[in-house]
Amino acid sequence: MELYYSFSILIVLASFFAYLNLRFLRLPPAIGIMVIAMVSSVLLVTFGKFFPGMLTGFSRLLTGVDFTEVLMGAMLNFLLFAGAVHINIADLREQKLPVMLFSTVSVIISTFAVGLILYYVLPVLGFEIPLLYCLLFGALISPTDPVAVLSILKEAKVPKSLETKVAGESLFNDGVAVVVFAVILQLASGDSFDITFGNISWLLLKEAGGGFLLGILLGFTASKAIKSVNDYIVSVLITLSVVMGGYLIAHAMHISGPLTMVAAGIIIGNYGKRTAMSEETKDYLNKFWELIDEIMNAVLFLFIGFELLLIPNILDYWVVGAVAIVVVLASRFLSIWVPTFLIRFKQRFSPGTIKVLVWGGLRGGVSIALALSAGESEYRNFLIAITYFVVVFSIVVQGLTVGKVAGRALAEENS
148 MELYYSFSIL
158 IVLASFFAYL
168 NLRFLRLPPA
178 IGIMVIAMVS
188 SVLLVTFGKF
198 FPGMLTGFSR
208 LLTGVDFTEV
218 LMGAMLNFLL
228 FAGAVHINIA
238 DLREQKLPVM
248 LFSTVSVIIS
258 TFAVGLILYY
268 VLPVLGFEIP
278 LLYCLLFGAL
288 ISPTDPVAVL
298 SILKEAKVPK
308 SLETKVAGES
318 LFNDGVAVVV
328 FAVILQLASG
338 DSFDITFGNI
348 SWLLLKEAGG
358 GFLLGILLGF
368 TASKAIKSVN
378 DYIVSVLITL
388 SVVMGGYLIA
398 HAMHISGPLT
408 MVAAGIIIGN
418 YGKRTAMSEE
428 TKDYLNKFWE
438 LIDEIMNAVL
448 FLFIGFELLL
458 IPNILDYWVV
468 GAVAIVVVLA
478 SRFLSIWVPT
488 FLIRFKQRFS
498 PGTIKVLVWG
508 GLRGGVSIAL
518 ALSAGESEYR
528 NFLIAITYFV
538 VVFSIVVQGL
548 TVGKVAGRAL
558 AEENS
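For the sequence shown, my numbering begins at 148 and goes up steadily by one.
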């Protein structure tokens, strides 16, 4: 019941903050909710000095919910499926090479670029952090988050090819980043793990390949079941069972749940809609998953805003946080720029396109969840704090300006 009470309070707060945002701030919903939650966190800390019980009670509410387990084990599956079910596979096929490179090669380049730069810069700022923990931060901050940026890119009327690159990369790179993070975390924790090309390749193949195969199987099976009943209520229930039951199967098989959801969503959103659903079923399915997407995003960004309460002495890290923001952006540019040489012979990547891909690579809840799961080492608070600075800057500053950046970059190219 305690978990039910916690979620009840969070849903009430999310709806109240969503109302305040729509009524007064008029920011994109997810960003508005997060900003209000952050302001509320600051007010709670301020008033908590005079009313300690208020701050303690709310902090207990947040710590009572395992953010890593809730996000990685539940919310992320719904969010990825909801995003994938609206992806047009024909658009994705046209951009398959950029999406594949950006979600694999770019993640690895970003991980090592962030880690190595920070390792040599941090001692100047008075922080002695081992290389493995710098690389660990590089791995957890490398996956991009499509939540806040996709609706803004649509409003900016960017080309469909660019929108597909951003969406495709964000959907697929979570699985790769989690594998890289897991390998580095095992090394940093001193766990026995034989680091060979074969072992890492097998781990990646098992996690990613197994996830894709399971997702494809679930997607086709669900589509056949939907076709045989032709009922929109049962069809929605089937898709829910794919997400919830599919995660349980993936977890039991030790394969990638996120990539399972992406593959299943793409199959149902394309093959299923084309061959198995009536127009009424499509309409209900689309609206249901859009609503689930909005609810999950509201709760997720509320969590991110209130995470401020769980980071002790966060102001001690503001300088290194600001440096980390610059390092992550520079590494993002490098991780996008280098792969464009591999695909330039097939299609041209203009400076404007690269600029939008770099600035539109937002970081979100996955990065915070991975930072919180990094174990109880002496560097835990450091990792969480600088991750929080990067994520907040990414969502608030980049999220609110990426539409203008995209519009200006594309206007310059067309002039």
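Beta carbons: idealized from backbone N, C-alpha and C, even for Gly. Note that the structure is a prediction, hence the values are computed from the model and not measured.
Between residue 371 and residue 360, what straight-line distance do the alpha-carbon atoms span, to the nearest angstrom?
-> 17 Å
For residue 292, three-class secondary structure by DSSP | coil
Output the residue ranges of the alpha helix (DSSP H) runs that lie fully inside the segment 350 to 411 and measure 4 residues or longer, sorted by chain position.
-> 357 to 376 and 379 to 400
What did DSSP end up calling residue 280 once you bin it into helix, strand or coil?
-> helix
Touch check for the segment 150 to 168 and the segment 419 to 436: three-plus C-beta pairs under 8 Å?
-> no
What is the DSSP secondary structure of residue 523, counted as helix, strand or coil?
-> coil
If residue 453 sits next to residue 184, beta carbons under 8 Å apart, how far is it from one beta carbon to the other, in whole angstroms?
-> 5 Å
Leaving aside the five residues before and after residue 227 along the sequence, list all residues of the same chain whose C-beta is less than 8 Å from its C-beta, in chain order.
-> 318, 321, 405, 408, 409 and 412
Drop a sphere of 10 angstroms on the beta-carbon of residue 391, count the other beta-carbons inside from all chains shown, and report buried for 16 or more, exposed for fewer.
-> exposed
Report the residue ranges of all alpha helix (DSSP H) runs contained in full by the segment 452 to 515; include only those spanning at least 4 residues, in chain order.
-> 465 to 490 and 498 to 506
Cβ pair count under 8 Å reaching 3, the segment 280 to 291 against the segment 259 to 267 | yes
For residue 363, I'd like the list of residues in its chain whose CB is within less than 7 Å of its CB, leaving aside the five on either flank, ordered along the chain.
-> 410 and 414
Nearest-angstrom Cα distance between residue 389 and residue 268?
-> 46 Å
Determine the direct distance from the alpha carbon of residue 256 to that of residue 208, and round the result to whole angstroms.
-> 38 Å
For the alpha helix (DSSP H) that residue 238 lies in, which residues bound it at each end?
-> 236 to 241
Rounded to a whole number of angstroms, what is the C-alpha to C-alpha distance between residue 502 and residue 476?
-> 11 Å
How close, in whole Å, do the beta carbons of residue 284 and residue 533 come, if the pair is a contact with beta carbons under 8 Å?
-> 7 Å
What's the C-alpha gap between residue 151 and residue 272?
-> 44 Å
DSSP three-state assignment for residue 219, whether helix, strand or coil | helix
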